[in-house]
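Encoded as structure tokens, the structure appears first; notes follow it.
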Amino acid sequence: MTGRAAGAGLALALMAGMAVAQAVPDPGGAERPPEKPVQAEAVQPAPAPPEKPAEAAEQPADDAVDATPPLARPDSTPAEPSADSSEAEAEPEPETGNPGSDAQKPVGRLIPPEETAAPEPPAEPKGPPVRETLRESDFDYAACLLALHDLGTVYEEIAEISQPDQRDCGIARPVRVTAILPGIALQGGAAMRCDTARSLGFWMRDFVRPAVARLPDAPRLSGLQLGTTYDCRGRVGDEAEAKLSEHAFGNAIDISAFTFHDGSSLPVEPRQDSGDLVESFQRAVRGAACLEFTTVLGPGSNASHNDHLHLDIAARNGGWRLCQ
Ligand SMILES: [Zn+2]
Numbered sequence: 003m004t005g006r007a008a009g010a011g012l013a014l015a016l017m018a019g020m021a022v023a024q025a026v027p028d029p030g031g032a033e034r035p036p037e038k039p040v041q042a043e044a045v046q047p048a049p050a051p052p053e054k055p056a057e058a059a060e061q062p063a064d065d066a067v068d069a070t071p072p073l074a075r076p077d078s079t080p081a082e083p084s085a086d087s088s089e090a091e092a093e094p095e096p097e098t099g100n101p102g103s104d105a106q107k108p109v110g111r112l113i114p115p116e117e118t119a120a121p122e123p124p125a126e127p128k129g130p131p132v133r134e135t136l137r138e139s140d141f142d143y144a145a146c147l148l149a150l151h152d153l154g155t156v157y158e159e160i161a162e163i164s165q166p167d168q169r170d171c172g173i174a175r176p177v178r179v180t181a182i183l184p185g186i187a188l189q190g191g192a193a194m195r196c197d198t199a200r201s202l203g204f205w206m207r208d209f210v211r212p213a214v215a216r217l218p219d220a221p222r223l224s225g226l227q228l229g230t231t232y233d234c235r236g237r238v239g240d241e242a243e244a245k246l247s248e249h250a251f252g253n254a255i256d257i258s259a260f261t262f263h264d265g266s267s268l269p270v271e272p273r274q275d276s277g278d279l280v281e282s283f284q285r286a287v288r289g290a291a292c293l294e295f296t297t298v299l300g301p302g303s304n305a306s307h308n309d310h311l312h313l314d315i316a317a318r319n320g321g322w323r324l325c326q
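Adding 2 to a residue's 1-based position in the sequence shown gives its number in this note's numbering.
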């Protein structure tokens with residue numbers, strides 16, 4: 003037994019020694035060299051793996067990760083991807099998932115075409131500007147000028163009027179009138195279409211001048227005080243909307259007062275029920291105006307016309323006239 007015991011003791015001792023040797027490193031690990039070499043060895047291998055994995059990670063990133071590739075390509079073709087950033091981003095990403103680099107390039111190429119397509123906006127191919135649709139033929143224009151001559155209108159032909167910021171506005175063949183009839187001035191002169199001047203002349207000659215003679219003391223008409231003449235603007239009053247006013251085409255003229263040789267004047271204003279000759283005069287000339295013009299508005303039509311007569315030659319279907 004003893005021999006066995008001794009053997010067992012040796013075995014135990016060896017075991018213990020080994021155990022001790024193994025256990026020892028922990029407490030005094032720093033002091034003993036064997037431990038250090040072990041650690042040193044472990045350290046050496048350690049650095050190597052990290053480096054390898056790092057490299058491996060970089061490579062796989064490019065190859066394996068689908069999401070990253072799109073980014074890398076934009077770099078290869080910087081100009082194209084950058085421009086289309088917003089629109090292109092959404093579509094290209096899903097497509098890149100399937101095929102690799104080849105699919106991405108096509109996507110980037112498709113974008114530029116879209117940009118080139120942008121200039122497509124086919125402007126605003128409407129019809130010709132209203133100004134042009136109202137341009138008088140040579141015959142009609144000559145006939146109109148002859149009428150002005152017969153009326154004794156003082157006028158001059160002036161250059162076409164146009165509005166850079168509003169293609170429809172303007173007058174193709176305007177005349178500037180300074181006296182609608184001999185001795186009856188348009189204060190400051192006014193540009194308008196010849197047809198407008200002719201209607202105004204006929205109205206003044208056949209109705210206004212005779213009516214003025216019926217006023218108390220039979221004053222002599224010397225002129226018209228004008229409101230708006232040519233003006234590129236939208237309609238006003240109850241019809242206010244985006245539609246352009248007839249003033250924008252030289253078709254309209256506003257009259258705010260009749261002036262007389264004695265220096266007095268008769269303003270256009272609400273006169274209903276005043277029961278005097280002046281009310282009758284204003285009613286008479288206003289009513290007669292619709293024999294020459296297709297639109298007549300004034301006091302009572304709406305708030306914006308309480309201080310003047312609006313007369314225009316707007317063309318309407320069936321020759322309908324708006325007389326208020
Ligand atoms: Zn007007």
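We put the beta carbon where it would ideally sit given N, CA and C, even for glycine.
Everything numeric in this text was worked out from a predicted model, so none of it was measured.
{"Query": "State the DSSP-derived secondary structure class of residue 326, mapped to helix, strand or coil.", "Result": "coil"}
{"Query": "Quickly, what does DSSP pair residue 254 with across the bridge? List them, please.", "Result": "314"}
{"Query": "Tell me whether the beta-carbon of residue 261 lies closer than 7 Å to the beta-carbon of residue 227.", "Result": "yes"}
{"Query": "Could you tell me how far apart the beta carbons of residue 298 and residue 291 are, in whole angstroms, since I believe they sit closer than 8 Å?", "Result": "5 Å"}
{"Query": "For residue 273, which of 303, 171, 184, 204 has the nearest alpha-carbon?", "Result": "303"}
{"Query": "Considering only their Cβ atoms, is the gap separating residue 200 from residue 146 smaller than 7 Å?", "Result": "yes"}
{"Query": "Which residues share a DSSP beta bridge with residue 145?", "Result": "Beta-bridge pairing links residue 145 to no other residue."}
{"Query": "Could you pull the DSSP bridge partners for residue 267 from this structure?", "Result": "261"}
{"Query": "To the nearest angstrom, report how far apart residue 285 and residue 198 are at their CA atoms.", "Result": "21 Å"}
{"Query": "Just the C-alpha distance for residue 178 and residue 153, rounded to the nearest angstrom, thanks.", "Result": "15 Å"}
{"Query": "Can you tell me whether residue 296 is buried or exposed, with buried defined as 16 or more other CB within 10 angstroms of its CB?", "Result": "buried"}
{"Query": "Three-state secondary structure (DSSP) at residue 280?", "Result": "helix"}
{"Query": "Which class does residue 294 belong to by DSSP, given the choice of helix, strand or coil?", "Result": "coil"}
{"Query": "Using C-beta distances below 8 Å, list every residue in its chain close to residue 288, excluding the 5 sequence neighbours before and after it, in chain order.", "Result": "298, 300, 311"}
{"Query": "Going by CA-CA distance only, name the one from 149, 176, 263, 278 that's closest to residue 232.", "Result": "176"}
{"Query": "Tell me where the beta strand (DSSP E) around residue 225 begins and ends.", "Result": "223-228"}
{"Query": "In chain order, what residues of the same chain have a beta carbon less than 8 Å from the beta carbon of residue 214, not counting five sequence neighbours either side?", "Result": "220, 221, 222, 223, 260, 262, 283"}
{"Query": "Shortest alpha-carbon distance to residue 139 belongs to which of 166, 174, 188, 251?", "Result": "174"}
{"Query": "What do you reckon, are the CB atoms on residue 253 and residue 160 nearer than 7 Å?", "Result": "no"}
{"Query": "Closer than 6 Å: is that where the CB of residue 305 sits relative to any heavy atom of ligand 1?", "Result": "no"}
{"Query": "Is residue 254 close to ligand 1? I mean its beta-carbon at under 6 Å from any heavy atom of the ligand.", "Result": "yes"}
{"Query": "If I measure Cβ to Cβ from residue 134 and keep anything under 8 Å in the same chain, skipping five residues before and after, which residues do I get?", "Result": "174"}
{"Query": "For residue 246, which residues in the same chain have their Cβ closer than 8 Å to its Cβ, ignoring the five residues on either side in sequence?", "Result": "132, 168, 170, 171, 234, 235, 236, 237"}
{"Query": "I need the DSSP call for residue 286, collapsed to helix, strand or coil.", "Result": "helix"}
{"Query": "With a threshold of 6 Å, establish whether the CB of residue 312 neighbours any heavy atom of ligand 1.", "Result": "yes"}
{"Query": "Which term fits residue 158, buried or exposed, when burial requires 16 or more other beta carbons within 10 angstroms of its beta carbon?", "Result": "exposed"}
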